[in-house]
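So the mapping is simple: this note's numbering equals the position in the sequence shown, first residue as 1, plus 14.
Built from N, CA and C at the ideal position, the CB exists for glycine as well.
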Amino acid sequence: MPRYNEGVTRGQFSFLLLLASTSARAGASADGLQELHGTLTQVKGQPPALALKDGSTVRLAADEPTTSVLNDPRLNGFPLEVSGHYSAGVFRVEPMHKRGLFVEKDGKKLYVTYWCDVCAIRTYTPGKCVCCQQETALDPREKLDN
Ligand SMILES: [Zn+2]
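Below is the structure:
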């Protein structure tokens, strides 16, 4: 029954093709999340960038709160770990609520936080304290709970 066999073979082949294309699509959208390690580089008038160990520099894009952290001059030159994905020539950092940005210090991965010691209020973006209007202090921490 050569014809029958041929039919089965063709059927199996297209099934395999379907499997292959399905898993390829899943792989691309599963999260595609990448982790980059480098040094935060701020140049006036330019978006923040990360200088990688291989000598290349990648521009960073992020949501508004994360961008305000990336533009905090106190973090210029800090080793950073960012997670996100490449998109249109920039590296798009995960949105603030997904916590895609850490500073590296003494081999530890620290969350970027800001602290007002007058009011004991913690925030996650630089600027004035909502309570006393005093400038908050940069306070990288291992954990997010106070
Ligand atoms: Zn305050």
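Can you tell me whether V132 is buried or exposed, with buried defined as 16 or more other CB within 10 angstroms of its CB? Walking along the sequence shown from the start, residue 132 turns up at place 118. With fewer than 16 other Cβ atoms within 10 Å, it is exposed.
Return the CA-CA distance between L84 and D68, expressed in angstroms with no decimal places. Residue numbering aside, residue 84 sits at position 70 when the sequence shown is read from its first letter. Residue numbering aside, residue 68 sits at position 54 when the sequence shown is read from its first letter. Whole-angstrom Cα-Cα distance: 21 angstroms.
Enumerate in chain order the residues of its own chain whose CB-to-CB distance from T81 is below 7 angstroms, with the five nearest sequence positions on each side excluded. On the sequence shown, position 67 is the one that residue 81 refers to. Within the same chain, T81 has no close Cβ partners at all.
To test your reading of the DSSP string, which unbroken beta strand (DSSP E) runs of 3 or more residues are found completely within the segment 101-151? 104-107, 115-119, 122-125, 128-130 and 135-137
How is E95 classed by DSSP in three states: helix, strand or coil? As a first step, residue 95 is located in the sequence shown; it is residue number 81 there, counting from the start. E95 falls in the strand class under three-state DSSP.
With distances taken Cα to Cα, identify the nearest neighbour of C130 among Q147, K122 and K112. As a working note, residue 130 is residue 116 in the sequence shown. Comparing Cα positions, the closest option is Q147.
Could you check the C-alpha separation between C143 and A134 for me, to the nearest Å? Counting from 1 along the sequence shown, the entry for residue 143 is found at position 129. Counting from 1 along the sequence shown, the entry for residue 134 is found at position 120. Going by the C-alpha atoms only, they are around 10 angstroms apart.
Cβ of G141 less than 7 angstroms from any chain D Cβ? The structure shown contains no chain D, having only a single protein chain.
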